[in-house]
Ligand SMILES: *Cc1c(COP(=O)(O)O)cnc(C)c1O
């Protein structure tokens with residue numbers, strides 16, 4: 001019955017045409033109080049884009065013309081960036097792709113306060129220039145008395161920059177002696193040997209993949225040696241017939257030893273046996289210790305350098321140090337992380353698995369009451385981010401049908417879980433208990 005169908009189409013077209021005429025115009029929408037406020041907070045272009053998308057949905061008949069303003073308001077992003085808030089339910093405590101360590105509230109407040117302008121390099125009492133970021137350096141020096149004061153601490157952009165600076169200062173045109181068992185690729189094709197040789201140093205590999213002895217180092221060391229590099233193989237483990245030379249013995253070889261401990265633990269942690277820490281590396285005789293700020297220290301992205309004052313002074317004064325320096329936001333976050341209450345990563349590490357299981361039960365039953373197929377399960381979480389390989393942290397998760405995974409990633413805040421045997425697991429080890437309610441809300445919204 002083509003005629004009837006045509007008539008119906010025409011009728012529908014007229015209705016759509018009428019509806020289109022009722023779609024509010026852009027200037028009217030920009031004057032709507034909620035959207036006008038958003039222009040102040042997010043900028044006109046961004047709000048215009050959101051309005052245009054809502055108008056398009058009305059033109060396509062997906063929403064009514066009267067709903068355009070509400071739809072635009074609901075689609076406004078939280079900030080004027082494309083970065084979205086993510087709840088890390090992957091079961092990987094320090095997830096590099098998700099920004100590594102979440103900052104403590106104290107650190108977030110410090111960042112906010114410093115953002116508008118601060119005395120990062122200024123002595124307010126004297127009214128003149130001062131040493132940059134001395135508050136953060138002092139906080140680290142107090143947390144790690146083994147360095148003997150602020151002159152034994154320097155902060156750069158990340159651990160890679162810290163290593164590069166060591167190579168530039170201690171081994172220009174010289175050799176860096178390293179065990180073949182420590183030629184590490186960290187991730188995303190980032191290889192520590194390539195990094196240090198890019199500074200103009202040569203690599204002198206010693207020993208074999210599984211075994212390196214003190215004599216291997218001793219034979220390689222000579223007038224061309226810049227330093228011995230000891231790298232923590234933070235993301236893999238060699239087991240079986242193995243031998244590596246402890247730092248204390250390397251320190252006796254008469255050349256500086258740079259120890260890249262990776263994760264940024266300042267001292268040993270009972271749940272992470274075998275994970276190197278700065279205090280022990282210094283006590284064992286490392287001339288310089290390098291570490292990341294955003295792994296187990298729980299702070300912002302930064303590279304931490306601890307060591308002998310003469311060496312740290314040379315690092316700080318090298319021209320390249322300027323290229324690696326950190327900004328006020330990093331220094332504010334770092335100081336508040338070290339001085340303030342334990343950051344989330346440390347609290348997560350110290351959470352007892354029974355507490356996580358109780359939370360998972362509570363969340364699963366809250367969701368089940370809303371008709372979601374959710375059950376609490378036991379899981380094994382990992383430290384991740386290059387840290388404590390092989391350490392399994394007993395944890396707990398809410399298990400959902402696998403179909404939830406893409407919808408949760410599209411939610412706001414986005415929730416990233418992990419898929420296991422067709423189920424979407426939301427691991428709680430890296431979720432702040434204060435965010436539990438938001439997690440339930442995010443999952444519930446995905447069912448409608
Ligand atoms: C993570 C890691 C690095 C790289 O640190 P960034 O702060 O990401 O530059 C270097 N060495 C080791 C051993 C690591 O674990």
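Numbering (our numbering), first residue to last: 1 to 448.
Heads up, the beta-carbon is just placed ideally off N, CA and C, and yes, glycines get one too.
Based on the DSSP secondary-structure assignment, which residues constitute the bridge partners of residue 290?
-> 260 and 305
Can you give the Cα-Cα distance for residue 364 and residue 383, rounded to whole angstroms?
-> 24 Å
For residue 412, name the three-state secondary structure that DSSP assigns.
-> Secondary structure of residue 412 (DSSP, three-state): coil.
Rounded to whole angstroms, what's the CA-CA distance from residue 221 to residue 122? Just pull it up for me.
-> Computed Cα separation, rounded: 44 Å.
Quick one: is the Cβ of residue 238 within less than 8 Å of any heavy atom of ligand 1?
-> False, no ligand heavy atom lies under 8 Å from that Cβ.
When every heavy atom of ligand 1 is checked, does at least one fall within less than 8 Å of the C-beta of residue 163?
-> yes
Could you check what DSSP says for residue 1 in three-state terms: helix, strand or coil?
-> A caution first: residue 1 carries a pLDDT of 48, below 50, which makes its placement in the model unreliable, though a value can still be read off. When secondary structure is reduced to three states using DSSP, residue 1 falls in the coil class, being assigned neither helix nor strand.
Have a look at 434, 412, 404 and 65 and flag the residue whose alpha-carbon is nearest the alpha-carbon of residue 347.
-> 434
Skipping 5 residues on each side, what residues in its chain have a beta carbon closer than 7 Å to that of residue 171?
-> 201, 226 and 227
Proximal residues to residue 154 (C-beta, below 6 Å), its chain only, five neighbours per side dropped = Counting only Cβ-Cβ distances below 6 Å, and skipping sequence neighbours, we find 305, 312, 315 and 316.
Going by DSSP, which residues form a beta bridge with residue 441?
-> Residue pairing by DSSP places residue 441 opposite no residue, since no beta bridge is assigned to it.
Pull up the distance between the alpha-carbon of residue 190 and that of residue 96, whole angstroms please.
-> 13 Å
Check whether the region 258-267 touches the region 117-133, counting contact only when three or more Cβ pairs, one atom from each stretch, lie closer than 8 Å.
-> no
Distance, residue 432 Cα to residue 300 Cα = A direct Cα-Cα distance of roughly 18 Å separates residue 300 from residue 432.
Measuring alpha carbon to alpha carbon, tell me which of 149, 444, 369 and 321 ends up nearest residue 160.
-> 321
Return yes when at least one heavy atom of ligand 1 lies under 8 Å from the C-beta of residue 324, else no.
-> With a threshold of 8 Å, the Cβ atom of residue 324 does not count as near ligand 1, since no heavy atom of the ligand is closer than that.
Pull up the CB-CB distance for residue 377 and residue 358, whole angstroms please, since I reckon it's below 8 Å.
-> Contact doesn't hold; Cβ gap of about 13 Å is too wide.
For residue 239, which of helix, strand or coil comes out of DSSP?
-> coil
Coil, strand or helix - residue 174 by DSSP = coil
Excluding sequence positions up to five away, which residues of its chain have a Cβ less than 7 Å from the Cβ of residue 237?
-> Excluding sequence neighbours, residue 237 sits near 389 and 390.
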